[in-house]
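Reading the sequence shown from the start, the letters are residues 1 to 156 in full-length UniProt numbering.
Notes for the one structure printed next.
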Amino acid sequence: MRPPPVTAAVRVRRAEVSDLDDLVALEEATFDTDRLSRAQYRKHLDSETAQVLVASANHRRFLGTAVVFYRKGTTVARLYSIATKPQARGKGVGSALIEAAEDAARLRGCRALRLEVRKDNGVAIGLYERLGYHRIGEYARYYGDGADALRLEKAL
Ligand SMILES: CC(C)(COP(=O)(O)OP(=O)(O)OC[C@H]1O[C@@H](n2cnc3c(N)ncnc32)[C@H](O)[C@@H]1OP(=O)(O)O)[C@@H](O)C(=O)NCCC(=O)NCCS
């Protein structure tokens with residue numbers, strides 16, 4: 001019999017201090033520039049204007065994370081970062097994290113979720129567009145290494 005799909009077992013919850021090692025390890029393994037440091041993750045865990053979400057599977061196995069930022073005076077939330085562990089990719093974990101980020105933003109009264117993505121990141125752009133995000137802008141040399149960005153948004 002085939003094992004159940006990973007998505008069936010994926011849970012998304014708020015990150016805790018005990019997740020810091022996994023968060024930092026994934027950040028370092030995933031991004032070469034514009035990384036969140038351990039101190040920044042630690043600060044965001046207790047912040048009123050940030051939510052760090054963690055996807056985990058059976059036995060609390062860490063699979064990935066998404067970071068959502070809020071700002072006073074705007075109902076547009078920002079999906080600042082998303083990453084899943086390389087061995088867990090293509091199994092719906094990223095989609096589950098994005099949907100959880102949307103739910104979290106809706107609960108805070110936000111009317112839209114916005115994000116920036118590297119123009120050359122076809123996998124991420126394809127995933128966002130499949131989930132209903134559309135392009136609202138383009139920014140040259142947005143990232144620390146000079147890469148261009150697309151800005152995408154979805155109405156919640
Ligand atoms: C972008 C990312 C978060 C997606 O996470 P994920 O867990 O693979 O997400 P999902 O499984 O829900 O969806 C991935 C989609 O990409 C597709 N895909 C195409 N090539 C793929 C590849 N080489 N590996 C994984 N998925 C791939 C999958 O088929 C899936 O599309 P579908 O749902 O239409 O079938 C993950 O690839 C990642 O962490 N990338 C590095 C960090 C990054 O680029 N973050 C986004 C910018 S901040």
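All C-beta atoms, glycine included, are put in the ideal place defined by N, C-alpha and C.
Beta-carbon gap between residue i and residue j smaller than 8 Å
i, j, result
"Val54", "His44", "no"
"Ile136", "Glu116", "no"
"Ala88", "Gly64", "yes"
"Leu113", "Ala105", "yes"
"Tyr143", "Thr33", "yes"
"Ser81", "Leu131", "no"
"Arg78", "Phe69", "yes"
Collapsed DSSP secondary structure at residue i in the structure displayed
i, result
"Tyr128", "helix"
"Asn150", "According to the sequence displayed, residue 150 carries Leu and not Asn. Strand, per DSSP."
"Ala15", "coil"
"Gly109", "coil"
"Ala140", "coil"
"Leu36", "coil"
"Asp145", "coil"
"Gly122", "helix"
Candidates the options: closest to residue i by CA position
i, options, result
"Thr84", "Ala101, Glu27 and Glu99", "Glu27"
"Lys91", "Val67, Ser56, Arg60 and Val68", "Ser56"
"Leu20", "Ala9, Tyr41, Arg106 and Ala88", "Tyr41"
"Ala50", "Phe62, Val76 and Ser18", "Val76"
"Lys72", "Arg108, Val93, Ala39 and Gly122", "Arg108"
Chain-order list of residues whose beta-carbon lies under 6 Å from that of residue i (same chain, five-residue window excluded)
i, result
"Leu150", "Val117, Lys119, Arg135 and Glu138"
"Tyr128", "Leu152"
"Thr30", "Ala83"
"Val67", "Val52, Tyr80 and Ser81"
Beta-bridge partners of residue i, as assigned by DSSP
i, result
"Leu69", "Note that residue 69 is Phe in the sequence shown here, rather than Leu. BP columns for Phe69 point to Ala50 and Arg78."
"Glu116", "Arg151"
"Gly64", "Ala55 and Thr84"
"Cys134", "Note that residue 134 is His in the sequence shown, not Cys. For His134, which the question treats as bridged, DSSP gives the partners Glu153."
Cβ neighbours of residue i in the same chain (closer than 7 Å, five flanking residues each side left out)
i, result
"Asn58", "Ala9"
"Glu48", "none"
Close Cβ partners of residue i (< 8 Å) along its chain, the five nearest in sequence each way excluded
i, result
"Arg13", "Leu53, Val54 and Ser56"
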